[in-house]
Amino acid sequence: MKLSRPARITLRVAAVLGFAVIYVPLLLVLVNSLNPDRSSSWPPPGVTFHWWADAWGSAGARHALVTSLKAGAGATGAALVLGTLVAFAVQRFRFFGREALSFAIVLPIALPGIVTGVALNTAFRTVLEPLGVGLGLFTVVVGHATFCVVVVYNNVIARLRRMPGSFEEAAMDLGANTFRAFTDVTFPLVRSALVAGGLLAFALSFDEIIVTTFTAGPDTQTLPIWIFSNMARPQQAPVVSVVAAVLVLLSVVPIYLAQRMSSDTASGSRI
1 MKLSRPARIT LRVAAVLGFA VIYVPLLLVL VNSLNPDRSS SWPPPGVTFH WWADAWGSAG
61 ARHALVTSLK AGAGATGAAL VLGTLVAFAV QRFRFFGREA LSFAIVLPIA LPGIVTGVAL
121 NTAFRTVLEP LGVGLGLFTV VVGHATFCVV VVYNNVIARL RRMPGSFEEA AMDLGANTFR
181 AFTDVTFPLV RSALVAGGLL AFALSFDEII VTTFTAGPDT QTLPIWIFSN MARPQQAPVV
241 SVVAAVLVLL SVVPIYLAQR MSSDTASGSR I
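Numbering follows the UniProt record's numbering, with no gaps: position 253 of the sequence shown is 253.
1. Using a Cβ-Cβ cut-off of 7 angstroms (strictly less than) and excluding sequence neighbours within five positions of glycine 60, which residues of its own chain qualify?
2. For the region 170-229, which segments carrying the alpha helix (DSSP H) assignment without a break, of at least 4 residues, lie completely within its bounds, in sequence order?
3. Excluding the five sequence neighbours on either side, which residues of its own chain have a C-beta within less than 8 angstroms of the C-beta of valine 248, listed in chain order?
4. Check threonine 48 in the structure and name its three-state DSSP category.
5. Candidates Val21, Gly217, Ile9: which alpha carbon is nearest glutamate 129's?
6. Can you give the beta carbon distance from alanine 71 to valine 140, rounded, assuming they're within the 8 angstroms contact cut?
7. Out of Tyr153, Val21, Val246, Pro224, which one is the CA nearest neighbour of valine 85?
8. Taking buried to mean at least 16 other C-beta atoms within 10 Å of its own C-beta, is histidine 144 buried or exposed?
9. Is glycine 134 helix, strand or coil by DSSP?
10. Phenylalanine 88 by DSSP, collapsed to three states: which one?
11. Considering only the alpha carbon of each residue, which of Gln221, Thr67, Ala201, Leu120 lies closest to isoleucine 255?
12. What number of angstroms, rounded off, separates the C-alpha of threonine 222 from the C-alpha of alanine 245?
13. Using 10 angstroms around the beta-carbon of asparagine 177, count the other beta-carbons present and answer buried if the total reaches 16, otherwise exposed.
14. Please look up how many angstroms separate the CB atoms of valine 47 and leucine 34, rounded, as I've assumed it's under 8 angstroms.
15. Tell me whether the beta-carbon of methionine 163 lies closer than 9 angstroms to the beta-carbon of threonine 186.
16. Can you give the Cα-Cα distance for arginine 270 and arginine 161, rounded to whole angstroms?
17. Between which residues of its own chain and arginine 56 is the CB-CB distance below 8 angstroms, once the five residues before and five after are set aside?
Below, the structure is given as structure tokens:
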């Protein structure tokens with residue numbers, strides 16, 4: 001389809017404006033983290049890494065980072081197991097309620113985060129607290145896994161739908177049992193989808209704040225919650241900018257790798 005010159009210019013201007021709205025605020029966060037002025041004056045009078053050193057020396061920020069990494073790893077592990085099993089069940093078998101199960105798996109990602117958070121908080125206080133299990137890292141992992149499982153499920157089932165079943169049938173015709181066919185044929189073909197889904201799930205968990213607010217205990221503070229709780233403190237503003245910049249950078253890496261692994265080129269080279 002050929003577009004007229006005014007249409008091409010309009011689309012380019014709209015694209016530039018759209019990207020500016022998304023990425024200029026993120027760039028400002030990085031600039032403010034290097035601003036020597038504590039009040040984040042504009043334009044910055046210079047460049048300093050003093051606030052980065054202060055952020056590294058902040059015990060609260062370091063503890064929050066470790067908590068976020070633990071929560072992300074736990075939620076990603078649970079999502080990989082559950083999402084993969086459900087994807088294989090839905091794609092490879094026909095049973096009553098198959099479509100309902102698929103809908104139930106995907107639904108949490110579409111629900112407002114505050115609704116999910118309130119529901120989980122109520123469930124945890126009703127079911128777990130009488131058993132002596134309070135809000136903490138475990139409940140955060142469970143809360144994050146409810147929506148992380150969706151991205152793993154979508155990645156794996158999309159790969160399975162594009163994967164011909166004749167490969168496994170050929171392996172079994174040659175004498176391979178079910179386990180051998182899976183390890184030698186099926187797993188290598190879905191491996192990139194698993195890695196991409198796991199990376200996306202980790203990134204989704206790492207910067208989650210709404211569900212975390214309702215599922216974390218008083219002693220469980222992730223990095224986004226630490227940023228939110230320190231934003232109102234003027235003395236902490238530069239350090240918050242540094243931590244926010246680190247959070248952006250740490251989120252970009254898994255998303256970029258997942259995009260590379262789930263691209264058509266990467267998928268085609270593995271099938």
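Don't be surprised by glycine CBs; every beta carbon is placed ideally from N, CA and C.
Let's see:
1. Sequence index remark: in the sequence shown, residue 60 carries index 60 (1-based). Closer than 7 angstroms at the Cβ level, and outside the excluded window around glycine 60, lie Trp226.
2. 178-181, 187-206, 210-215
3. As a position in the sequence shown, residue 248 is number 248, starting the count at 1. Once the five neighbours on either side are set aside, the close Cβ partners of valine 248 are Leu26, Val29, Leu30.
4. The residue given as residue 48 occupies position 48 in the sequence shown. Note: threonine 48 maps to coil in three-state DSSP.
5. Within the sequence shown, residue 129 is the residue found at index 129, counting from 1. When each option's Cα is compared against that of glutamate 129, the closest is Gly217.
6. Within the sequence shown, the letter at position 71 stands for residue 71. Within the sequence shown, the letter at position 140 stands for residue 140. Going by Cβ atoms, the distance from alanine 71 to valine 140 rounds to 5 angstroms, so yes, they are a contact pair.
7. Position 85 of the sequence shown, counted from the start, is the residue given in the question as residue 85. First, the amino acid is wrong: residue 85 is leucine here, not valine. Here the closest residue by C-alpha is Tyr153.
8. Taking the first residue of the sequence shown as position 1, residue 144 is located at position 144. Histidine 144 should be labelled buried.
9. Taking the first residue of the sequence shown as 1, we reach residue 134 at position 134. Glycine 134: coil per DSSP, three-state reduction.
10. As a working mapping, residue 88 is identified with position 88 in the sequence shown. It is helical.
11. Locating residue 255 in the sequence shown gives position 255, where the first residue counts as 1. Checking every option, the nearest Cα to that of isoleucine 255 belongs to Ala201.
12. For this step, residue 222 is matched to residue 222 along the sequence shown. For this step, residue 245 is matched to residue 245 along the sequence shown. One C-alpha to the other measures close to 15 angstroms.
13. Here residue 177 refers to the residue found at position 177 of the sequence shown. Flag for asparagine 177 reads exposed.
14. Walking along the sequence shown from the start, residue 47 turns up at place 47. Walking along the sequence shown from the start, residue 34 turns up at place 34. With 8 angstroms as the limit, valine 47 and leucine 34 qualify as a contact, their Cβ atoms being about 5 angstroms apart.
15. In the sequence shown, the residue the question calls residue 163 occupies position 163. In the sequence shown, the residue the question calls residue 186 occupies position 186. For methionine 163 and threonine 186, yes; Cβs fall inside 9 angstroms.
16. Counted from its first residue, the sequence shown places residue 270 at position 270. Counted from its first residue, the sequence shown places residue 161 at position 161. Reliability fails at arginine 270, whose pLDDT of 45 lies under 50, so the model's placement of it is uncertain and no value is given.
17. Within the sequence shown, residue 56 is the residue found at index 56, counting from 1. One point to set straight first is that residue 56 is tryptophan, not arginine, in the sequence displayed. Once the five neighbours on either side are set aside, the close Cβ partners of tryptophan 56 are Arg62.
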